[in-house]
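Novice: Chains as they are written, first to last, in my numbering: chain A, 1 to 262; chain B, 1 to 237.
Structure incoming, see below.
Next up, the structure:
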């Protein structure tokens, strides 16, 4: 029985440029998983960007030093496929009856295809949105799971005018993504426009009922002496039977100094 | 400690919303910005146990009791802030993001945010051309008492006021913008340090986006009447 809770998938990732990988996500996560950081695969930085992985592997120089950024090809010149990358990892998870598993991406820039054990799922575009996939039914019975993510850059990466300028040619503004990446008066253009799995990736084990996005609101009266805390949460019953639930809320003061709670 | 248990049945496959009866606190420790008092935080834990199964899921979050108000001062045209009824002189810093390759670690955030607190600042403004900052950023702003002014993804230069003038109507997909905005609000809304959502930098978002943001970010009317008597509680609960 897997333990209830979240596990971050932040190690053991590999990456490869999409144009260097002949097979597709289904094969990568079934018959032909990459075995290690052998070309075209390299160790990947997740969470992070494509450029972060390339810098870590010294495929490109660190753009922060000197004029190194000028030596890194810009996405406008290379085309989007040059910075479209595969990210691959494996994870162990064995559920027992009535347990469910979610695969969560807290943010992807800019869109992606996810393959888990041969099953394909699409992560729609948008840099500032969470993606939550219920993968309970596609886990391997032996607990060993293969995950591949094909990450696409923003749809409108834009072109940097020779004279530079704030926000380059502003094309990036057509997408819902960070806008500084075409360069500003204080920063040179970011060559991959921050493409990548740039925030937390996790798997979360729950029982039949899942807690979603609680909202805490306090109201304060009588000169802040009389205070009320309202808590609202969404609940999802993933099982096929009525769930009789006990919902508990507990509020404890954070302990200060060397006070400990026995 | 405050502990409350409620019983409810959730139909198969259903996705429901539930609000606990309010929890009452007498003179709780308040959360104050850097330089005005302690950043008292409580730990709120919500768990759900299912009959015949046991604990099914749990969630926890630091929470600070505070009231943050702000309005445009007619005399100066500037925005005046109050925290827990006390006016505060804002000593703020601009923030784009911590690293251009998004190497955003917990350690990095703690160092960056503590640095701002040590500089005696009490607000960080997250510029619209950067990121919707991450929960780790807000966690350390909660701890070190830095109020956060968080802008959505509109800048004057890129959306209608730059050279060349471009994207006067913002991004191509307004629904996508609002979907990202809603999800970002749900991700960050419980942080004590979150002081102000702002449509964009040096630019008002396109009217439909601006109106949606204003409407959806409005404080629930029942929470508006700050110093009503007990009966407010009744209709609230």
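Glycine included, each C-beta is placed from N, C-alpha and C at the ideal position.
It should be emphasised that the depicted structure is a prediction, and the values quoted were computed from it without experimental measurement.
1. Just to confirm the assignment, what range does the alpha helix (DSSP H) spanning residue 253 of chain B have?
2. Could you confirm whether any beta carbon from chain A is found closer than 8 Å to the beta carbon of residue 51 of chain B?
3. What are the residues of the stretch 17–49 of chain B that lie near chain E, defined by any Cβ-Cβ distance shorter than 8 Å?
4. Residue 90 of chain B and residue 36 of chain B: beta carbons closer than 8 Å?
5. If you reduce the DSSP assignment to three classes, tell me which class residue 159 of chain B lands in.
6. Kindly list, in the order they appear in chain B, the residues whose Cβ is closer than 7 Å to that of residue 194 of chain A.
7. By DSSP's criteria, residue 5 of chain A is part of a beta bridge. Which residues make up the other side?
8. Does DSSP put residue 220 of chain B in a helix, in a strand, or in coil?
9. Note down, one range per segment and in chain order, each beta strand (DSSP E) of at least 3 residues found wholly within the stretch 116–176 of chain A.
10. Of all the CB atoms in chain B, is at least one closer than 8 Å to the CB of residue 145 of chain A?
11. What is the DSSP secondary structure of residue 179 of chain A, reduced to helix, strand or coil?
12. In the structure shown, what three-state DSSP assignment does residue 245 of chain A receive?
13. Grouping DSSP H, G and I as helix and E and B as strand, with all else coil, what is residue 202 of chain B?
14. For a quick check, are the C-beta atoms of residue 198 of chain A and residue 107 of chain A less than 8 Å apart?
15. Is the number of C-beta pairs between the stretch 46–58 of chain B and the stretch 207–216 of chain A that are closer than 8 Å three or more?
16. Among A:244, A:192, A:118, which has the Cα closest to the Cα of residue 76 of chain A?
17. Would you mind sorting residue 13 of chain B into buried or exposed? The rule is 16 or more other CB atoms within 10 Å of its CB.
18. Reducing DSSP to helix, strand and coil, say where residue 244 of chain B ends up.
19. Against residue 263 of chain A, what residues of chain B qualify as contacts under a CB-to-CB distance less than 8 Å, listed in chain order?
20. Over the uninterrupted beta strand (DSSP E) stretch that includes residue 228 of chain A, give me the two end residues.
21. Roughly how far, in whole angstroms, is the beta-carbon of residue 31 of chain B from the beta-carbon of residue 195 of chain B, given that I think they are within contact range, below 8 Å?
22. Since residue 159 of chain A and residue 168 of chain A are thought to touch, with beta carbons under 8 Å apart, how far apart are those beta carbons, to the nearest angstrom?
23. Check whether the stretch 110–127 of chain A touches the stretch 24–35 of chain A, counting contact only when three or more Cβ pairs, one atom from each stretch, lie closer than 8 Å.
Specialist: With the structure as the only source:
1. What is shown of chain B runs 1 to 237, which leaves residue 253 of chain B out entirely.
2. yes
3. Although the question refers to chain E, the structure presented lacks it and instead comprises the protein chains A and B.
4. no
5. coil
6. 102
7. A:205
8. coil
9. 119–123, 131–134, 144–152
10. no
11. coil
12. strand
13. coil
14. yes
15. yes
16. A:192
17. exposed
18. Because chain B here runs from 1 to 237, residue 244 of chain B falls outside it and cannot be looked at.
19. This structure cannot settle anything about residue 263 of chain A, because the visible part of chain A is limited to 1 through 262.
20. 226–237
21. Not quite, the Cβ-Cβ distance comes to about 11 Å (not below 8 Å), so this is no contact.
22. 7 Å
23. yes
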